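K.L.:
Pasting in a structure now, in structure tokens, and then I'll have a few things to ask.
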Ligand code: ITT
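Numbering (the numbering used here), first residue to last: 410 to 613.
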């Protein structure tokens, strides 16, 4: 049975199981119109579980369940990444790990180098994926996965967003996710796609 968030039972605060401030900002904007306020696992002082799943959904479930169990409240986690066709889907679930010390300048340079080495730098196709999981303290979980397709561009452009946003141009756009207004990204992104599905099932 699918489960909705019920404000009378669950309250109006949703624990967001991320330590990534960019994601937190975007998720906050997505849940706010539904009357929920976010509190992050960082603010609650909860530890980061090991993300040793082999899929986005497995990792989102690990993060959401750990946060729901530790806080006693429903928790929402996002596991996401970018897959590049010419790199056979890499970095994929390892997108965060390509950013050694959380530095995305070198991670985007690595993407460019790997594409150059394969002579695949002409409008390389890529897509972002976001898996969103809501977990309740009793262990019930609901999962959703969203995608946005586009192409990569080098050098990186724009200061908005986070992570790989400065090299990604979504289909139908001419500016990178780093350049466009954040509200436009947040209406068409992989995270927005997953959230639309989540809202249809779990929110009023
Ligand atoms: P949490 O696990 O604490 O949520 P994280 O940054 O480690 O934070 P992930 O393990 O899900 O998150 O790694 C996802 C990486 O994929 C993230 O670090 C970004 O580099 C990239 N990514 C995901 N969504 C993105 C987006 O909307 N724009 C740019 N890069 C994104």
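Glycine included, each C-beta is placed from N, C-alpha and C at the ideal position. These numbers come from a predicted model, not from an experiment.
How should residue 463 be labelled, buried or exposed, when 16 other C-beta atoms within 10 angstroms of its C-beta is the threshold for buried?
P.N.:
exposed
K.L.:
Rounded to the nearest angstrom, how far is the Cβ of residue 484 from that of residue 541, given a contact under 8 Å?
P.N.:
Contact doesn't hold; Cβ gap of about 11 Å is too wide.
K.L.:
Short check: CB of residue 454 to CB of residue 428, under 7 Å?
P.N.:
no
K.L.:
If residue 544 and residue 559 are in contact, beta carbons under 8 Å, what's the gap, nearest whole angstrom?
P.N.:
Between the beta-carbon of residue 544 and that of residue 559 there is about 30 Å, and that puts the pair past the 8 Å contact cut.
K.L.:
Does ligand 1 have a heavy atom nearer than 6 Å to the CB of residue 427?
P.N.:
yes
K.L.:
The alpha helix (DSSP H) with residue 471 in it runs from where to where?
P.N.:
465 to 480
K.L.:
For ligand 1, is there any heavy atom lying closer than 6 Å to the beta carbon of residue 489?
P.N.:
yes
K.L.:
According to DSSP, is residue 503 part of a helix, a strand, or is it coil?
P.N.:
Of the three classes helix, strand and coil, the one that applies to residue 503 here is helix, per DSSP.
K.L.:
Going by the C-beta, is residue 505 closer than 6 Å to any heavy atom of ligand 1?
P.N.:
yes
K.L.:
Which same chain residues end up closer than 6 Å to residue 580 when comparing Cβ atoms and leaving out the 5 residues on each side of it in sequence?
P.N.:
558, 559
K.L.:
Measure the C-alpha to C-alpha separation of residue 549 and residue 555 and round it to an integer number of angstroms.
P.N.:
21 Å
K.L.:
Ligand 1 heavy atoms versus the CB of residue 574: any closer than 6 Å?
P.N.:
yes
K.L.:
Contact check, residue 587 vs residue 599 under 8 Å by CB: the rounded distance?
P.N.:
So it is not a contact: roughly 15 Å between Cβ atoms.
K.L.:
Residues in the same chain with beta-carbon distance under 7 Å from residue 523, minus the five sequence neighbours each way, listed in chain order, please.
P.N.:
Within the same chain, residue 523 has close Cβ partners 496.
K.L.:
Could you spell out where the beta strand (DSSP E) holding residue 536 opens and where it closes?
P.N.:
534 to 544
K.L.:
Could you pull out every residue in the same chain whose Cβ sits closer than 7 Å to the Cβ of residue 432, ignoring the five residues on either side in sequence?
P.N.:
487
K.L.:
Let's see if you can read the secondary structure: which residues bound the beta strand (DSSP E) around residue 489?
P.N.:
Looking at the DSSP string, the run of the beta strand (DSSP E) that includes residue 489 is 484 to 493.
K.L.:
Less than 7 Å separating the beta-carbons of residue 437 and residue 426?
P.N.:
Result no, Cβ atoms of residue 437 and residue 426 do not sit closer than 7 Å.
K.L.:
Are the beta-carbon atoms of residue 517 and residue 576 separated by less than 7 Å?
P.N.:
In this structure, residue 517 places its C-beta atom within 7 Å of the C-beta atom of residue 576.
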